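Peer 1:
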Amino acid sequence: DAGITQSPRHKVTETGTPVTLRCHQTENHRYMYWYRQDPGHGLRLIHYSYGVKDTDKGEVSDGYSVSRSKTEDFLLTLESATSSQTSVYFCAISEFMGLREQFFGPGTRLTVL
Amino acid sequence: GENVEQHPSTLSVQEGDSAVIKCTYSDSASNYFPWYKQELGKGPQLIIDIRSNVGEKKDQRIAVTLNKTAKHFSLHITETQPEDSAVYFCAARGLTGGGNKLTFGTGTQLKVEL
Chain A
1 DAGITQSPRH KVTETGTPVT LRCHQTENHR YMYWYRQDPG HGLRLIHYSY GVKDTDKGEV
61 SDGYSVSRSK TEDFLLTLES ATSSQTSVYF CAISEFMGLR EQFFGPGTRL TVL
Chain B
114 GENVEQHPST LSVQEGDSAV IKCTYSDSAS NYFPWYKQEL GKGPQLIIDI RSNVGEKKDQ
174 RIAVTLNKTA KHFSLHITET QPEDSAVYFC AARGLTGGGN KLTFGTGTQL KVEL
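These protein sequences, in sequence, are chains A and B. For the first sequence, counting from 1, position 90 maps to 90 in this note's numbering; every step adds exactly one. Here this note's numbering = 1-based position in the second sequence + 113.
1) Determine the extent of the beta strand (DSSP E) in which A/H24 is found, giving its start and end residues.
2) Along chain B, which residues have their Cβ under 9 Å away from the Cβ of A/Q25?
3) For A/E72 versus A/Q25, is the C-beta distance shorter than 8 Å?
4) Taking B/E192 and B/S125 to be in contact with their CB atoms under 8 Å, please state how far apart those CB atoms are, rounded to whole angstroms.
5) Please classify A/T108: is it buried, with 16 or more other beta-carbons within 10 angstroms of its beta-carbon, or exposed?
6) Select from B/L215, B/A205, B/T216 and B/S198 the residue whose C-alpha is nearest the C-alpha of B/K150.
7) Along the beta strand (DSSP E) that carries A/P106, what are the first and last residues, could you check?
8) Is A/F96 buried or exposed, if buried means 16 or more other CB atoms sit within 10 Å of its CB?
9) Contact criterion: CB-CB distance below 8 Å. Does B/F91 meet it with respect to chain A?
10) Rounding to the nearest angstrom, what Cα-Cα distance links B/V177 and A/G63 in this structure?
11) Taking Cβ positions, are B/S122 and B/S143 nearer each other than 8 Å?
12) Pick out whichever of A/T13, A/Y50, A/A92 and A/E101 has its Cα sitting closest to the Cα of B/G156.
13) Looking at chain A, is there any beta carbon in it that lies within less than 8 Å of the beta carbon of B/K171?
14) I'd like to know whether the C-beta of B/T193 is nearer than 8 Å to at least one C-beta of chain E.
15) Under 7 Å from any heavy atom of the ligand GTP, does the C-beta of A/I93 make it?
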């Protein structure tokens, strides 16, 4: 299995609080991604990174920000969590963008009350 | 951007039968089509992928076919086994509209019954 860990694995928080999810990789892959998974929607890209300090938006980026200060870490922040952000969040990595496999982490289940 | 539709949303087969999952995509410039399997409580794992210059690819009991003219691709699993039970996602890499990212289908819950 690709060396990807996500923390925390489970989190319950209240509306309006900030939340940060962490993705850590040991593969030294250049590209990192954050997805959310919801019933009926599959996996939707939130943000991705193509290098240290280089990030871009995905299709559902509103309400989320990211940061990547080191190759191995990609942080996803919900500035002020809302109930609509209750979801399972997956981090993924890839050596190249496009015609290459993305390896997924184990996921973080976030519940916003 | 790319739009991917996946059918059926649920599929139940008897052990030993074949299973077929179909996806259509909208971006005619899409050139990479992976399939992922997700077991309960885990992240998705790639099981097979195909590039736009190939019409079919096989790996043991799994095969993927691509019809670029019709813009659809399918996953075929033969001789299904209970361990094939999982959620399967198709995806497409679009190039137009700021693409170069994977767009996923909504998933198919496959259940293989004994």
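Here a beta-carbon is modelled for each residue, glycine too, at the ideal position from N, C-alpha and C. No experiment lies behind these values; they were computed from the predicted model shown.
Peer 2: To lay it out plainly:
1) V19 to Q25
2) Here the premise fails: no neighbours, minimum Cβ distance about 13 Å.
3) yes
4) Contact doesn't hold; Cβ gap of about 16 Å is too wide.
5) buried
6) B/S198
7) Unbroken run through A/P106: none, as it is neither H nor E.
8) exposed
9) Nothing about residue 91 of chain B can be reported from this structure: the residues present for chain B run from 114 to 227 only.
10) 37 Å
11) no
12) A/A92
13) no
14) You won't find chain E in this structure, because its protein chains are A and B.
15) Among the components of this structure there are no ligands whatsoever, and the ligand GTP is therefore not found.
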